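Colleague:
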Amino acid sequence: MNKQKTIYYLILSRVGGEKVKISDFSAPDGYGLCCTSEHNGKELVLSQCFKNGTASVREAVDKVVDAYAQSGPVAARYGMIYSMVRMEARTPGMLVTGKGNGAIATIKREWDIKRNLARDKVPLIMGLVMDLATLQLKENAKHA
Numbered sequence: 000m001n002k003q004k005t006i007y008y009l010i011l012s013r014v015g016g017e018k019v020k021i022s023d024f025s026a027p028d029g030y031g032l033c034c035t036s037e038h039n040g041k042e043l044v045l046s047q048c049f050k051n052g053t054a055s056v057r058e059a060v061d062k063v064v065d066a067y068a069q070s071g072p073v074a075a076r077y078g079m080i081y082s083m084v085r086m087e088a089r090t091p092g093m094l095v096t097g098k099g100n101g102a103i104a105t106i107k108r109e110w111d112i113k114r115n116l117a118r119d120k121v122p123l124i125m126g127l128v129m130d131l132a133t134l135q136l137k138e139n140a141k142h143a
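Counted the way numbering that gives the first Met the number 0 counts, the sequence shown spans residues 0 to 143.
Laid out in C-alpha cells, this is it:
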C-alpha cells in the first residue's frame with residue numbers, strides 16, 4: 000500500500016475494520032508522519048499544511064500523545080479545543096474564547112500549522128492529527 004493513506008483507513012481502524020498501524024503513515028525519512036484526505040472535493044495532504052512538513056506532523060502527534068498520557072484536565076484539553084475549533088470554523092468571525100486569540104489561532108501556533116491556511120481546514124487537520132495520535136497510543140500500549 001501507498002505510504003500516504005487516506006482518512007478512509009483511519010475511519011476503518013475506528014470501527015474495527017482493516018488493521019492499521021502508525022507505521023503505515025510514516026514518511027520516507029522514518030520520523031515524520033503524513034496522510035491524505037479530501038476537503039471540498041480536493042486532495043489535502045496533511046504535511047503540506049504544516050510549516051516543517053512531516054516533522055511538524057510528528058511533533059503535533061507527540062504533543063497530543065503526551066497530553067493523553069497525563070491525567071485530569073490536561074488529558075481532555077485537545078478534545079475541548081477540537082470542539083471549539085469546529086465551532087469557530089462553522090461561524091466566520093466568531094471566537095469562542097473570551098479574550099485573546101481564538102481556538103483556531105491557538106492550535107495553529109501550538110502545532111506549527113501554516114498561518115495562511117483556511118480556517119475551515121483546521122478542524123479536519125486537527126481530527127487527522129488526533130486520529131494519528133490514537134494510533135500511536137495503541138502502538139505504545141502494545142510495546143509497554
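Note that CB positions come from ideal geometry on N, CA and C, so glycine has one too.
Computed from a predicted model, the values in this text were never measured in an experiment.
1) Suppose you measure from the CA of Y30 to the CA of T90; what does that come to, to the nearest Å?
2) For L43 and V56, I'd like the C-alpha separation in whole angstroms.
3) So is K2 buried or exposed if we call it buried at 16+ other beta carbons inside 10 Å?
4) Whose C-beta lies closer than 7 Å to the C-beta of A59 among residues of the same chain, with five residues either side of it excluded?
5) Please report the straight-line C-alpha distance between T105 and Q69, rounded to a whole angstrom.
6) My guess is that E87 and R108 are in contact by the Cβ rule of under 8 Å, so how many angstroms apart are they, rounded?
7) Tell me, please, which residues DSSP counts as bridged to S36.
8) Can you tell me whether P122 is buried or exposed? The criterion is at least 16 other CB atoms within 10 Å of its CB, across all chains shown.
9) How many whole angstroms separate the CB atoms of S22 and C33, which I take to be in contact at a CB cut-off of 8 Å?
10) Rounded to whole angstroms, what's the CA-CA distance from T35 to F49? Just pull it up for me.
11) By the DSSP assignment, the alpha helix (DSSP H) with M83 in it spans what residues?
12) Let me make sure I understand the geometry here. Which of D61, I80 and M93 has the alpha-carbon closest to that of L169?
13) Whole-angstrom Cβ separation of K98 and H38, contact assumed at under 8 Å?
Modeller: Reading off the structure:
1) Locating residue 30 in the sequence shown gives position 31, counting from the first residue. Locating residue 90 in the sequence shown gives position 91, counting from the first residue. Distance from the CA of Y30 to the CA of T90, rounded to the nearest whole angstrom, comes to 36 Å.
2) For the purposes of this step, residue 43 is taken as the residue at position 44 of the sequence shown. For the purposes of this step, residue 56 is taken as the residue at position 57 of the sequence shown. Between L43 and V56, the C-alpha separation is close to 14 Å.
3) If you number the sequence shown from 1, residue 2 lands on position 3. Reliability fails at K2, whose pLDDT of 38 lies under 50, so the model's placement of it is uncertain and the value that follows must be treated cautiously. It counts as exposed.
4) Working through the sequence shown from its first residue, we reach residue 59 at position 60. In the same chain as A59, and ignoring 5 residues on each side of it, the C-beta atoms closer than 7 Å to its own belong to W110 and V128, in chain order.
5) Residue 105 sits at position 106 when you count from the first residue of the sequence shown. Residue 69 sits at position 70 when you count from the first residue of the sequence shown. One C-alpha to the other measures close to 21 Å.
6) For the purposes of this step, residue 87 is taken as the residue at position 88 of the sequence shown. For the purposes of this step, residue 108 is taken as the residue at position 109 of the sequence shown. In fact, because the Cβ distance is near 14 Å, the residues do not count as touching under 8 Å.
7) Numbered from 1 along the sequence shown, position 37 holds the residue referred to as residue 36. DSSP links S36 through a beta bridge to L43.
8) Taking the sequence shown and counting its residues from 1, the one referred to as residue 122 is at position 123. By the C-beta density criterion, P122 is buried, having at least 16 other C-beta atoms within 10 angstroms.
9) Position 23 of the sequence shown, counting from 1, holds the residue named residue 22. Position 34 of the sequence shown, counting from 1, holds the residue named residue 33. 12 Å between Cβ atoms; not a contact.
10) Taking the first residue of the sequence shown as 1, we reach residue 35 at position 36. Taking the first residue of the sequence shown as 1, we reach residue 49 at position 50. If you take the alpha carbons of T35 and F49, they lie about 13 Å apart.
11) As a position in the sequence shown, residue 83 is number 84, starting the count at 1. In the DSSP assignment, M83 falls within the alpha helix (DSSP H) that extends over P72 to R89.
12) With the chain covering 0 to 143 only, the question about residue 169 has no answer from this structure.
13) Position 99 of the sequence shown, counting from 1, holds the residue named residue 98. Position 39 of the sequence shown, counting from 1, holds the residue named residue 38. In this structure K98 does not touch H38 by the C-beta definition: roughly 30 Å separates them, more than the 8 Å allowed.
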